Amino acid sequence: ALGRHGLRASDLAAVGVTNQRETTVVWDRHTGRPHHNAIVWQDTRTEDLVARLAQRPDADEVQVRCGLPVLNYFAA
Numbered sequence: 001a002l003g004r005h006g007l008r009a010s011d012l013a014a015v016g017v018t019n020q021r022e023t024t025v026v027w028d029r030h031t032g033r034p035h036h037n038a039i040v041w042q043d044t045r046t047e048d049l050v051a052r053l054a055q056r057p058d059a060d061e062v063q064v065r066c067g068l069p070v071l072n073y074f075a076a
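Residues in the sequence shown are numbered from 1 upward in steps of one, following UniProt numbering.
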């Protein structure tokens with residue numbers, strides 16, 4: 001990426017990194033662009049769906065497979 005702009009690593013003074021934990025984005029592997037906006041952890045639109053999932057007899061399978069409980073907070 002630096003080379004495309006005529007830069008070298010030695011031209012950098014600093015790099016900033018931030019993240020939004022528990023956020024889901026689906027990327028297009030060919031273009032590197034997201035298919036849609038990110039779904040962030042504060043988004044509670046799936047609350048009803050998650051409540052129904054938590055009532056299923058096999059709901060604990062989610063935690064068995066990914067280590068996370070059935071909550072709309074987690075991207076699993």
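Don't be surprised by glycine CBs; every beta carbon is placed ideally from N, CA and C. As the structure is a prediction and not an experimental result, all values here were calculated from the model.
Please go through the same chain and pick out, in chain order, the residues whose beta-carbon is closer than 8 angstroms to the beta-carbon of Thr31, but skip the five residues on each side of it. Here residue 31 refers to the residue found at position 31 when the sequence shown is read from its first residue. The answer is none, since no qualifying residue turns up.
Identify, in the order they occur along the chain, each residue of the same chain with its Cβ nearer than 7 angstroms to the Cβ of Leu71, setting aside the five sequence neighbours on each side. As a position in the sequence shown, residue 71 is number 71, starting the count at 1. Excluding positions up to five away in sequence, the list reads Val50.
Within a Cβ cutoff of 6 angstroms, which residues of the same chain sit near Pro69, ignoring the five residues on either side of it in sequence? The residue given as residue 69 occupies position 69 in the sequence shown. Answer for Pro69: Gln63, listed in chain order.
Identify which residue in Arg33, Arg65, Asp60 and Thr44 has its Cα closest to the Cα of Glu22. Mapped onto the sequence shown, residue 22 falls at position 22. Among Arg33, Arg65, Asp60 and Thr44, the Cα nearest to that of Glu22 is on Thr44.
Is Ala9 closer than 8 angstroms to Leu2 when the C-beta atoms are compared? Position 2 of the sequence shown holds residue 2. Position 9 of the sequence shown holds residue 9. Contact flag set, yes.
Length at least 4, wholly inside the UniProt domain "Carbohydrate kinase FGGY N-terminal" (4-75): the alpha helix (DSSP H) runs in chain order: 47-55 and 60-66
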